[in-house]
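Student: So the mapping is simple: the numbering used here equals the position in the sequence shown, first residue as 1, plus 118. Ideal Cβ positions, reconstructed from N, Cα and C, are used throughout, including at glycine. In this text, all values refer to a predicted model and were calculated from it rather than measured experimentally.
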Amino acid sequence: MQVLMRVLVSTTLLLALSGVRAQDAAEPADVEPRAEAQSEIEKGPVISQFRENWILGELRSLRQDMMEYRNQMNLLVTDRELEVADKAMGYATNTVTYFFYLIAGAASILALVGWSTIRDLKDNVRVYAEKEMARLTSEYESRLADLERELRKKSRTIAENQEEIERTNEIHSLWLKSTKEPSAQAKIEMYDRILELRPDDAEALAWKADAALELGEQRWALSLCDRVLEVDEENSHALYQRACAWSGLGEIDNALQDLEAAIQASETLVRHARVEEMFRPLRNLERFQALVGSDSDPAVPD
């Protein structure tokens, strides 16, 4: 119940935050855009630092509660399986014991009527009981071995989930720190630390390319965008950054081609392309004007 209440509270906060962003985006912008390339995080509405940290803390706490709940369920299921196995072993032992008594009684009756001696019946019953016990022991040893393997597997899963939680918390902390760094070089260091924890993080590679463009490293940014697009061909952020890199290198056709693909994937990039300094060599081209339009065109929704 506590986890459900946390989910409801977090969902309400996210909806309220989305409403604030939509209201801020609807107001006309009176400030001229910066000359340098800006990241999408820096261009968004300014959110109270306390509110942002509190929301991230609530989301982190929710993930940890969900993981602890899953671990408790795994432990509960394991306890139930051990209890069932113990009851089954007791039932098998009682069954063999009662069967032994039944055979002994029958042997006594047969000895009395002259079919066999008590010693022969005793030996036969002992041999049969030993075989039956050996069979049951082997069967339950196999079941216990399977249960032990399953327990080890669940233990590894729990340990891996715990490591993933710690890794995710550290990555979120690095993302938050990167938004506060004033220089592109400091941001690149943060993105490198994220990539050390999660090498296939496409978003970190795309933002690292954005920082490389701020440093004037067009070919470096181009290489980073290529790595992202090898995994996700329709990543609009990587396509936009690669278009900027092509424009900086003077590759007009490649720049226009990537810009067109980026706008098709995300129409919100039109507003950024109109004021992007990296696209200065393209602004007088008819194809570029056809892609981004003009400031008098209807506003593109955020």
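Look up residue 300 in the DSSP assignment and say whether it is helix, strand or coil.
Tutor: Here residue 300 refers to the residue found at position 182 when the sequence shown is read from its first residue. Reduced to three states, the DSSP call for residue 300 is coil.
Student: Pairing CB atoms from the stretch 200-218 with CB atoms from the stretch 270-282, are three or more of them under 8 angstroms?
Tutor: No: the two stretches stay apart, fewer than three of their Cβ pairs being nearer than 8 angstroms.
Student: Whole-angstrom Cβ separation of residue 340 and residue 360, contact assumed at under 8 angstroms?
Tutor: Looking up residue 340 in the sequence shown gives position 222. Looking up residue 360 in the sequence shown gives position 242. That pair is a contact at about 6 angstroms.
Student: In chain order, what residues of the same chain lie with their CB nearer than 6 angstroms to the CB of residue 383, ignoring the 5 residues before and after it?
Tutor: Residue numbering aside, residue 383 sits at position 265 when the sequence shown is read from its first letter. Same-chain partners within the cutoff: 352, 354.
Student: Work out the CA separation of residue 266 and residue 318 for me, nearest whole Å.
Tutor: Here the question's residue 318 lines up with position 200 in the sequence shown. Here the question's residue 266 lines up with position 148 in the sequence shown. Each residue's Cα considered, the two are about 34 angstroms apart.
Student: Taking the alpha carbon of residue 403 as the reference point, which residue from 365, 301, 336 has its own alpha carbon closest?
Tutor: Within the sequence shown, residue 403 is the residue found at index 285, counting from 1. Nearest option by C-alpha distance: 365.
Student: Per DSSP, what kind of secondary structure is residue 139 in: helix, strand or coil?
Tutor: Within the sequence shown, numbered from 1, the residue matching residue 139 stands at position 21. Bear in mind that the predicted position of residue 139 carries a pLDDT of just 49, short of 50, making it too unreliable to give a figure here.
Student: For the stretch 311-329 against the stretch 184-192, are there 3 or more C-beta pairs whose distance is under 8 angstroms?
Tutor: Judged by Cβ distances under 8 angstroms, the stretch 311-329 makes no contact with the stretch 184-192, as fewer than three pairs qualify.
Student: I need the DSSP call for residue 367, collapsed to helix, strand or coil.
Tutor: Numbered from 1 along the sequence shown, position 249 holds the residue referred to as residue 367. Here residue 367 sits in coil by DSSP.
Student: Identify which residue in 276, 255, 385 has its Cα closest to the Cα of residue 193.
Tutor: The residue given as residue 193 occupies position 75 in the sequence shown. Answer by Cα proximity: 276.
Student: Excluding five sequence neighbours on each side, which residues of the same chain lie with their C-beta closer than 7 angstroms to the C-beta of residue 376?
Tutor: For the purposes of this step, residue 376 is taken as residue 258 along the sequence shown, with counting starting at 1. Result list for residue 376: 357, 360, 361, 364, in chain order.
Student: Is residue 249 buried or exposed, if buried means 16 or more other CB atoms sit within 10 Å of its CB?
Tutor: Within the sequence shown, numbered from 1, the residue matching residue 249 stands at position 131. Looking at its Cβ environment, which holds fewer than 16 other Cβ atoms inside 10 Å, residue 249 is exposed.
Student: At which residues does the alpha helix (DSSP H) containing residue 345 begin and terminate?
Tutor: Locating residue 345 in the sequence shown gives position 227, counting from the first residue. It spans 336-349 - the alpha helix (DSSP H) in which residue 345 sits, taken as one unbroken run.
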